[in-house]
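In UniProt numbering, the protein residues as written are 1 to 292.
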């Protein structure tokens with residue numbers, strides 16, 4: 001069976017490993033990234049390079065995006081040489097990033113006017129899982145469109161969840177990240193307060209980890225606050241962006257999220273203090289120095 005032509009934009013750590021996995025499974029993707037070194041790596045394995053998003057879309061049956069923000073996605077979709085200008089009837093755009101659901105639905109509606117489809121498919125797990133095709137993929141969109149790209153998604157993910165109407169994937173990812181980052185901020189602050197109060201951090205972990213508060217996120221926080229190992233590969237800058245998107249989504253739903261506002265405030269403060277490149281559990285250092 002002939003493989004669909006995949007266009008892939010965004011060859012960062014996650015996207016680059018996803019492309020490597022696709023190439024191992026017989027795909028010869030058309031790629032694009034601002035980092036020419038990252039492009040050269042996949043070109044050496046047989047990929048082709050597009051100079052513009054329009055050119056890439058014209059050549060592709062499935063256009064995949066692994067980008068940082070909704071703003072970047074919209075720029076690539078709506079630019080003069082953008083995806084919307086070149087996408088073929090019957091093609092599908094797949095957004096693997098963490099984006100604002102309202103933006104996703106707008107893009108999907110505009111693609112539909114050209115006879116193209118869209119699936120939002122944000123990711124769980126790590127770049128190492130991406131290289132082996134073992135990601136968790138939270139996909140949503142028109143069911144027929146989803147079924148069209150499902151075989152390729154299954155080459156990239158160990159678990160491919162179908163969540164319903166377009167935007168549900170990005171909504172779920174934002175809720176997931178709100179929960180995860182709030183847990184990290186709360187546990188990191190617990191360690192910092194314990195330190196201020198003269199309570200041994202290891203003992204605090206030993207006690208809390210035997211109860212219902214135990215979680216992988218608690219372990220990430222303990223690894224940094226107690227052992228000095230920063231092993232949750234997700235930056236404060238990314239977490240700050242995602243909490244901002246979560247609050248924007250909440251506003252679109254005509255409600256409030258006071259807990260998320262607290263998490264967002266802490267992440268923004270740590271970011272403003274120059275800690276954006278650090279992994280999220282490193283916010284412990286911000287809390288440790290916090291004065292009233």
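Ideal placement from N, C-alpha and C gives every residue a C-beta, glycine not left out. Being a predicted model, the structure only gives us computed values, none of them experimental.
Check each candidate in the options and name the one with the smallest Cα separation from residue i.
i           : options               : result
residue 168 : 119, 215, 47 and 153  : 119
residue 140 : 163, 128 and 173      : 163
residue 279 : 243, 175, 262 and 236 : 236
residue 267 : 234, 30 and 249       : 234
residue 196 : 292, 229, 128 and 107 : 292
residue 174 : 249, 19 and 58        : 249
residue 60  : 72, 88 and 274        : 88
residue 46  : 23, 72, 154 and 253   : 23
residue 56  : 77, 219 and 148       : 77
residue 277 : 265, 112, 241 and 186 : 241
residue 70  : 254, 244, 253 and 259 : 244
residue 179 : 259, 13, 2 and 58     : 259
residue 265 : 286, 255, 252 and 17  : 286
Helix, strand or coil, according to DSSP, for residue i in the structure here?
i           : result
residue 35  : coil
residue 96  : coil
residue 300 : In this structure the chain extends from 1 to 292, so residue 300 is not present and cannot be described.
residue 49  : strand
residue 160 : strand
residue 140 : strand
residue 87  : coil
residue 117 : strand
residue 277 : coil
residue 11  : coil
residue 65  : strand
residue 229 : coil
residue 253 : coil
residue 135 : strand
residue 79  : coil
residue 174 : helix
residue 124 : strand
residue 5   : coil
residue 199 : coil
With distances taken between CB atoms, is the gap from residue i to residue j smaller than 8 Å?
i           : j           : result
residue 281 : residue 188 : yes
residue 136 : residue 246 : no
residue 31  : residue 49  : yes
residue 263 : residue 138 : no
residue 150 : residue 21  : no
residue 108 : residue 90  : no
residue 83  : residue 112 : no
Report, in whole angstroms, the separation of the C-beta atoms of residue i and residue j, which I expect to be a contact under 8 Å.
i           : j           : result
residue 117 : residue 142 : 6 Å
residue 42  : residue 11  : 7 Å
residue 170 : residue 101 : 5 Å
residue 9   : residue 27  : Actually they do not touch by this definition, with Cβ atoms about 15 Å apart.
residue 122 : residue 157 : About 11 Å; that fails the 8 Å criterion.
residue 204 : residue 194 : 5 Å
residue 184 : residue 220 : 7 Å
residue 238 : residue 231 : That belief does not hold up - the Cβ atoms of residue 238 and residue 231 are roughly 16 Å apart, past 8 Å.
Can you give me the C-alpha to C-alpha distance between residue i and residue j, rounded to a whole angstrom?
i           : j           : result
residue 68  : residue 257 : 24 Å
residue 190 : residue 95  : 36 Å
residue 35  : residue 99  : 22 Å
residue 269 : residue 208 : 27 Å
residue 272 : residue 144 : 44 Å
residue 199 : residue 74  : 49 Å
residue 293 : residue 125 : Residue 293 is absent from the model: the chain starts at 1 and stops at 292.
residue 284 : residue 211 : 22 Å
residue 288 : residue 225 : 10 Å
residue 148 : residue 72  : 25 Å
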